[in-house]
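The sequence shown begins at 8 in the numbering used here and counts up by one. One structure is given below, encoded as structure tokens.
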Amino acid sequence: MLPSSHGSWLIVHMIIIEFELSTKMMELGKEMVKHCGGLPLAIVVLGGLLANKHRMGEWEMVSRNISYYLNKKGKASHGGVPVSDILALSYQDLPYHLKACFLYLSHLPEDYFICAEKLVQMWMAEGIVSSSVPPAQVGEMRVEETMLDVGMSYLSELVQRCMVQIELNGFNRRIRVCRLHDLMRDLCLLKTQEENFLKVVRVEAFDNQQLKWENSASSSSSSPLTTIRRLVVYYLGDHDDENNIRREYVDLHELSNHDQLRSCKFYSFGNNLKSSNWEQIISLLKGFKLLRILDVERMDIKGENGMLPRDIGNLFHLRYLNIKDSNITSVPSSIGNLRFLQTLDLRTYANLEIPNVLWRLEQLRHLYLPERIELTGTSKLRLDGLSKLETLEAFDTKYCDVRYFPKLTNLRKVEVGWVAPVDLAVILKSPTSSTIQTSRLEEISERKKSKAF
Numbered sequence: 008m009l010p011s012s013h014g015s016w017l018i019v020h021m022i023i024i025e026f027e028l029s030t031k032m033m034e035l036g037k038e039m040v041k042h043c044g045g046l047p048l049a050i051v052v053l054g055g056l057l058a059n060k061h062r063m064g065e066w067e068m069v070s071r072n073i074s075y076y077l078n079k080k081g082k083a084s085h086g087g088v089p090v091s092d093i094l095a096l097s098y099q100d101l102p103y104h105l106k107a108c109f110l111y112l113s114h115l116p117e118d119y120f121i122c123a124e125k126l127v128q129m130w131m132a133e134g135i136v137s138s139s140v141p142p143a144q145v146g147e148m149r150v151e152e153t154m155l156d157v158g159m160s161y162l163s164e165l166v167q168r169c170m171v172q173i174e175l176n177g178f179n180r181r182i183r184v185c186r187l188h189d190l191m192r193d194l195c196l197l198k199t200q201e202e203n204f205l206k207v208v209r210v211e212a213f214d215n216q217q218l219k220w221e222n223s224a225s226s227s228s229s230s231p232l233t234t235i236r237r238l239v240v241y242y243l244g245d246h247d248d249e250n251n252i253r254r255e256y257v258d259l260h261e262l263s264n265h266d267q268l269r270s271c272k273f274y275s276f277g278n279n280l281k282s283s284n285w286e287q288i289i290s291l292l293k294g295f296k297l298l299r300i301l302d303v304e305r306m307d308i309k310g311e312n313g314m315l316p317r318d319i320g321n322l323f324h325l326r327y328l329n330i331k332d333s334n335i336t337s338v339p340s341s342i343g344n345l346r347f348l349q350t351l352d353l354r355t356y357a358n359l360e361i362p363n364v365l366w367r368l369e370q371l372r373h374l375y376l377p378e379r380i381e382l383t384g385t386s387k388l389r390l391d392g393l394s395k396l397e398t399l400e401a402f403d404t405k406y407c408d409v410r411y412f413p414k415l416t417n418l419r420k421v422e423v424g425w426v427a428p429v430d431l432a433v434i435l436k437s438p439t440s441s442t443i444q445t446s447r448l449e450e451i452s453e454r455k456k457s458k459a460f
């Protein structure tokens with residue numbers, strides 16, 4: 008049952024309860040909420056829109072915009088403004104940087120939850136989140152706000168505007184994952200197409216040096232693949248169902264010279280990728296010289312385990328690299344050339360061979376190691392060059408040299424795998440031990456298998 012006008016206003020009032028409303032604002036708010044037609048999403052989004060406006064003049068502006076939609080499209084006789092128009096108003100009201108954050112969500116498949124940290128790290132890699140953040144004053148301490156902090160505040164603002172749905176972490180009540188409502192996703196795809204912000208391609212196969220893809224309403228832009236800057240590939244695998252969808256083919260040699268591409272993401276939806284297809288993808292990557300984001304999470308290469316190509320070290324502008332939950336088994340030593348890399352997620356489900364070059368990644372802020380590592384030499388992994396590192400997951404002294412842990416002075420979050428008692432003593436006696444116990448290190452997550460912590 009749809010809420011009444013009074014019930015609709017109560018929902019809006021609950022969203023904006025943080026500040027006191029004048030009588031005139033309440034009267035105007037009740038008039039505006041009538042145009043939502045009792046539709047829950049429209050009511051909630053209107054509440055999020057009004058929650059950021061504390062002055063009567065701002066509310067009057069929102070009311071005029073609603074009236075504009077009514078008069079422009081002749082909808083006054085139909086009982087209200089369609090929910091799509093309310094959503095469009097909420098998008099138009101966003102500041103420039105939040106519009107970019109919102110549009111970036113268009114890469115998500117329908118009903119897909121994304122880790123909030125991962126989303127923010129991709130914003131960082133794109134330059135949407137600025138690194139020039141002045142220190143904040145907390146009591147007598149000056150605490151430097153990181154890019155991750157800023158990005159999470161951007162996401163929180165989208166949440167406050169009721170444009171993004173979230174689930175919270177039960178431990179610390181932080182945003183854990185987020186998603187878009189179906190209708191909000193439709194708006195996001197529409198605006199993405201208008202702005203030529205991103206291209207979603209539904210790929211069936213990589214056949215005979217051609218990329219076979221569906222040209223349907225699900226593609227978020229009509230622009231040629233070779234002109235876009237952000238490419239998202241939905242890999243559907245081989246299937247025979249035509250569904251009256253027109254197929255198009257792109258010459259892989261043409262796409263391989265795409266030197267404007269900044270971001271490349273793959274969603275495989277559980278479909279195995281043929282090893283020959285993986286080789287073709289690797290060949291494509293060589294031409295993406297300005298690539299900042301490469302995400303092949305959950306990529307499962309059929310027939311044999313995959314390897315990251317040595318040429319990945321030539322993608323000098325790469326800032327985000329994710330091979331999580333893939334069956335990639337080897338990382339080349341050329342990864343040490345990626346001096347601008349900010350986030351490196353190596354949490355594969357297979358044993359991963361890692362060369363001892365991670366210490367060269369001077370800009371690295373977030374490092375996620377796999378549970379099982381195969382060292383390429385006799386020495387454990389050095390981490391001493393990672394002075395900007397904030398997140399370190401699966402720190403295990405079987406694979407990582409504990410002597411360099413005290414040099415990670417910017418750490419804020421650590422997840423420990425296995426630590427020998429003698430190594431634990433080194434950590435606790437190091438100059439950073441006081442940092443670990445105070446606010447500079449916000450969280451130590453212990454794995455259940457660890458008996459040392």
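A virtual CB, placed ideally from N, CA and C, is assigned to each residue, including glycine. From a predicted model like this one, the values you see are computed outputs, not experimental measurements.
| Query | Result |
| --- | --- |
| Stretch-stretch touch, CB-based, cutoff 8 Å, three pairs: the segment 120-136 with the segment 156-172 | yes |
| Sequence-distant residues of its chain with Cβ nearer than 7 Å to Asn250 (five each side left out) | For Asn250, the predicted structure reports a pLDDT of 46, less than 50, and the residue's modelled location is therefore unreliable. The matter cannot be settled from this model. |
| Cβ contact (3+ pairs, closer than 8 Å) linking the segment 89-107 and the segment 277-297 | no |
| Residue environment, Val429, which counts as buried when at least 16 other CB atoms sit within 10 Å | exposed |
| Residue interval of the beta strand (DSSP E) (run including Val184) | Ile182 to Arg186 |
| The ligand NAP heavy atom lying under 8 Å from the CB of Leu348 | Absence of the ligand NAP from the depicted structure is noted, as is the absence of any ligand whatsoever, leaving it without description. |
| Of the residues Tyr119, Ser340, Arg379 and Cys195, the one placed nearest Tyr356, counting alpha carbons only | Arg379 |
| Buried or exposed (CB count within 10 angstroms, at least 16 for buried), Gly384 | exposed |
| CB-CB length for Leu415 against Leu431, believed under 8 Å | That pair is no contact at about 16 Å. |
| Paired residues, beta bridge with Asn279 - DSSP | According to DSSP, which records beta bridges pairwise, Asn279 is partnered with nothing at all. |
| Pairwise C-alpha distance: Val239 and Met170 | 22 Å |
| For Lys387, the nearest candidate out of Lys395, Leu376 and Lys405 (CA to CA) | Lys405 |
| Distance, Leu345 Cα to Leu322 Cα | 7 Å |
| Closest by C-alpha distance to Ile300, when choosing among Ser270, Leu315 and Lys281 | Ser270 |
| Buried versus exposed call for Asn462 [16 or more other C-beta atoms within 10 Å across all chains shown] | Since the first residue shown for the chain is 8 and the last is 460, residue 462 is missing from the structure and cannot be characterised. |
| Ile361 - containing beta strand (DSSP E), residue span | Leu359 to Ile361 |
| From Leu187, Ile182 and Met129, residue whose alpha carbon lies closest to that of Arg461 | Residue 461 lies beyond the range of the chain shown here (8 to 460); nothing can be said about it. |
| Residues that DSSP places opposite Glu174 in a beta bridge | Val184 |
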